[in-house]
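Asks: My numbering numbers the first residue of the sequence shown as 105 and each following residue consecutively.
Take this structure first; my questions come after.
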Amino acid sequence: MFSQPTRKRFGQHWLTDEKVLHRMLEAADVTRQDTVLEIGPGTGALTRWLLPLANAVIAVEIDRDLIRKLNHQFAKHDNFRLVPSDILELDIAAASRDKHFDFGVPNKVVANIPYYITGPILEKLLGTLASPNPDPYDAIVLLVQKEVAERLYARPGRKAFGALSVRVQYLADCELVCPVPARAFQPPPQVDSAVVKITPRPPITPSDDLAGFDRLVKLGFGSKRKMLRNNLKGAIDRDELEAIMTSLSIEPTARAEDLSVEQWVALSNTILKQPR
Numbered sequence: 105m106f107s108q109p110t111r112k113r114f115g116q117h118w119l120t121d122e123k124v125l126h127r128m129l130e131a132a133d134v135t136r137q138d139t140v141l142e143i144g145p146g147t148g149a150l151t152r153w154l155l156p157l158a159n160a161v162i163a164v165e166i167d168r169d170l171i172r173k174l175n176h177q178f179a180k181h182d183n184f185r186l187v188p189s190d191i192l193e194l195d196i197a198a199a200s201r202d203k204h205f206d207f208g209v210p211n212k213v214v215a216n217i218p219y220y221i222t223g224p225i226l227e228k229l230l231g232t233l234a235s236p237n238p239d240p241y242d243a244i245v246l247l248v249q250k251e252v253a254e255r256l257y258a259r260p261g262r263k264a265f266g267a268l269s270v271r272v273q274y275l276a277d278c279e280l281v282c283p284v285p286a287r288a289f290q291p292p293p294q295v296d297s298a299v300v301k302i303t304p305r306p307p308i309t310p311s312d313d314l315a316g317f318d319r320l321v322k323l324g325f326g327s328k329r330k331m332l333r334n335n336l337k338g339a340i341d342r343d344e345l346e347a348i349m350t351s352l353s354i355e356p357t358a359r360a361e362d363l364s365v366e367q368w369v370a371l372s373n374t375i376l377k378q379p380r
């Protein structure tokens with residue numbers, strides 16, 4: 105770990121609380137069988153703990169000043185590879201293949217990610233409802249903004265439960281590892297944070313039409329104050345929708361956040377089977 109001024113345009117805040125770092129490592133359960141992807145290694149605070157535990161660490165960094173210092177700091181580690189790139193533009197599998205570094209494609213992700221691109225990073229790692237990642241990771245442990253974390257692991261009926269909750273929880277299990285106060289960073293951000301663990305898995309209830317499912321979820325959460333039957337009126341006749349909801353034991357007056365992911369899938373499958 106080294107000293108380095110932060111750059112606002114990259115959303116940099118250095119995590120300095122080692123207790124949080126260790127909670128991230130414990131949650132990821134990194135072993136010598138794991139090749140770990142680290143997004144935005146920063147000053148190497150997490151990297152230095154990952155390297156002795158993992159088979160290899162593939163770190164992706166966009167900041168040129170940090171790239172030079174990270175390469176110098178970890179030059180003696182033959183299981184460390186630094187990829188100078190924007191994670192959103194990187195072909196991770198292709199970047200993992202190198203004749204001088206053959207540790208395989210990463211199977212786990214452990215990272216303190218830039219908050220301003222949390223959504224695109226989640227999509228990069230998990231895929232989307234319409235196009236899930238065909239080679240899912242064994243585990244994804246991320247330090248994210250508290251508000252986003254709450255949406256990721258929220259349960260039906262909670263205020264934080266929304267379209268993001270449905271999309272992520274269809275593809276994976278998500279749990280809170282620990283809350284992280286702003287004082288755990290230097291400089292402290294203006295928001296609190298949290299560590300979450302995302303474990304990709306096959307859908308509990310598969311959707312028959314992933315693109316259609318995604319479209320209905322977007323419509324359903326379009327206005328959270330409205331009842332679901334009003335938000336979906338553009339997709340299906342109201343009386344027909346109420347009949348379908350009743351047949352699925354869903355209250356006709358339910359709002360989008362009241363339905364579980366499995367109920368959302370069942371509702372979507374039934375609606376999309378109706379003749380148009």
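Idealized CB from N, CA, C, for every residue including glycine.
Since the model is a prediction, treat every value here as computed from it, not as a measurement.
Taking the alpha helix (DSSP H) that residue 104 belongs to, which residues open and close that run?
Replies: The chain is shown from 105 up to 380; residue 104 falls before or after that span and cannot be answered.
Asks: Straight-line CA distance for residue 268 to residue 160?
Replies: Translated into positions along the sequence shown, residue 268 becomes position 164. Translated into positions along the sequence shown, residue 160 becomes position 56. Their backbone Cα atoms lie some 31 Å apart in a straight line.
Asks: Count the other CB atoms within 10 Å of the CB of residue 122; is the residue buried (16 or more) or exposed (fewer)?
Replies: Within the sequence shown, numbered from 1, the residue matching residue 122 stands at position 18. Exposed is the call here.
Asks: Since residue 303 and residue 339 are thought to touch, with beta carbons under 8 Å apart, how far apart are those beta carbons, to the nearest angstrom?
Replies: Locating residue 303 in the sequence shown gives position 199, counting from the first residue. Locating residue 339 in the sequence shown gives position 235, counting from the first residue. That pair is no contact at about 32 Å.
Asks: Where does residue 297 fall in DSSP's three states?
Replies: By one-based count along the sequence shown, residue 297 stands at place 193. Residue state, collapsed to three classes: strand.
Asks: Below 8 Å between beta carbons: does that hold for residue 158 and residue 174?
Replies: Your numbering for residue 158 matches position 54 in the sequence shown. Your numbering for residue 174 matches position 70 in the sequence shown. For residue 158 and residue 174, no; Cβs fall outside 8 Å.
Asks: So, under 8 Å CB-CB, residue 320 and residue 375 are touching, yes? Tell me the CB distance rounded to an integer number of Å.
Replies: Within the sequence shown, the letter at position 216 stands for residue 320. Within the sequence shown, the letter at position 271 stands for residue 375. With a Cβ gap of about 7 Å, residue 320 and residue 375 count as contacting.
Asks: Note down the Cα distance separating residue 241 from residue 306, rounded to an integer number of angstroms.
Replies: Numbered from 1 along the sequence shown, position 137 holds the residue referred to as residue 241. Numbered from 1 along the sequence shown, position 202 holds the residue referred to as residue 306. Each residue's Cα considered, the two are about 12 Å apart.
Asks: Under 7 Å Cβ to Cβ from residue 264, same chain only, skipping five residues before and after it: list those, please.
Replies: Translated into the one-based positions of the sequence shown, residue 264 becomes position 160. 254, 255, 258, listed in sequence order.
Asks: Going by DSSP, which residues form a beta bridge with residue 231?
Replies: Taking the sequence shown and counting its residues from 1, the one referred to as residue 231 is at position 127. Beta-bridge pairing links residue 231 to 236.
Asks: Where DSSP assigns a beta bridge to residue 118, which residues make up the other side?
Replies: The count along the sequence shown starts at 1 and reaches residue 118 at position 14. DSSP, once it has assigned bridges, lists 290 as partnering residue 118.
Asks: Using the Cβ count rule (16 or more neighbours within 10 Å means buried), how would you classify residue 308?
Replies: The residue given as residue 308 occupies position 204 in the sequence shown. Classification for residue 308: exposed.
Asks: Are residue 301 and residue 243 close, meaning C-beta to C-beta below 8 Å?
Replies: For the purposes of this step, residue 301 is taken as residue 197 along the sequence shown, with counting starting at 1. For the purposes of this step, residue 243 is taken as residue 139 along the sequence shown, with counting starting at 1. Yes, these two residues count as a Cβ contact at 8 Å.
Asks: Short of 8 Å in beta carbon distance, which residues of its chain neighbour residue 235, apart from the five on each side in sequence? Order them along the chain.
Replies: Position 131 of the sequence shown, counted from the first residue, corresponds to residue 235. Hits under 8 Å: 314.
Asks: Just list the residues that DSSP pairs residue 212 with in beta bridges.
Replies: For this step, residue 212 is matched to residue 108 along the sequence shown. Per DSSP, 140, 243.
Asks: Tell me whether the beta-carbon of residue 125 lies closer than 8 Å to the beta-carbon of residue 289.
Replies: As a working note, residue 125 is residue 21 in the sequence shown. As a working note, residue 289 is residue 185 in the sequence shown. Contact flag unset, no.
Asks: If you follow the alpha helix (DSSP H) that residue 317 is part of, which residue opens it and which one closes it?
Replies: Taking the first residue of the sequence shown as position 1, residue 317 is located at position 213. It spans 314 to 324 - the alpha helix (DSSP H) in which residue 317 sits, taken as one unbroken run.
Asks: Measure the alpha-carbon distance for residue 167 versus residue 194 and round it to whole angstroms.
Replies: Position 63 of the sequence shown holds residue 167. Position 90 of the sequence shown holds residue 194. Cα to Cα, residue 167 sits roughly 15 Å from residue 194.
Asks: Opposite residue 302 in the DSSP bridges: which residues?
Replies: Position 198 of the sequence shown, counted from the start, is the residue given in the question as residue 302. Paired residues: 244, 278.
Asks: Between the beta-carbon of residue 332 and the beta-carbon of residue 370, is there less than 8 Å?
Replies: Here residue 332 refers to the residue found at position 228 of the sequence shown. Here residue 370 refers to the residue found at position 266 of the sequence shown. Taking 8 Å as the Cβ cut-off, residue 332 and residue 370 do not qualify as a contacting pair.
Asks: In angstroms, rounded to a whole number, what distance separates the CA positions of residue 373 and residue 274?
Replies: Here the question's residue 373 lines up with position 269 in the sequence shown. Here the question's residue 274 lines up with position 170 in the sequence shown. Near 14 Å, if we compare the C-alpha coordinates of residue 274 and residue 373.
Asks: Inspect the beta-carbon positions of residue 282 and residue 298 and report whether they are closer than 8 Å.
Replies: As a first step, residue 282 must be located in the sequence shown, where it is residue number 178. As a first step, residue 298 must be located in the sequence shown, where it is residue number 194. The answer is yes: Cβ separation under 8 Å.
Asks: Is it buried or exposed, residue 139, if we count other Cβ atoms within 10 angstroms and call 16 or more buried?
Replies: The residue given as residue 139 occupies position 35 in the sequence shown. Classification of residue 139: buried, given that the 10 Å Cβ count is 16 or more.
Asks: Can you tell me the Cβ-Cβ gap for residue 131 and residue 245, rounded? I've got them flagged as a contact below 8 Å.
Replies: By 1-based counting over the sequence shown, the position of residue 131 is 27. By 1-based counting over the sequence shown, the position of residue 245 is 141. Right, the Cβ-Cβ distance comes to about 5 Å (below 8 Å), so this counts as a contact.
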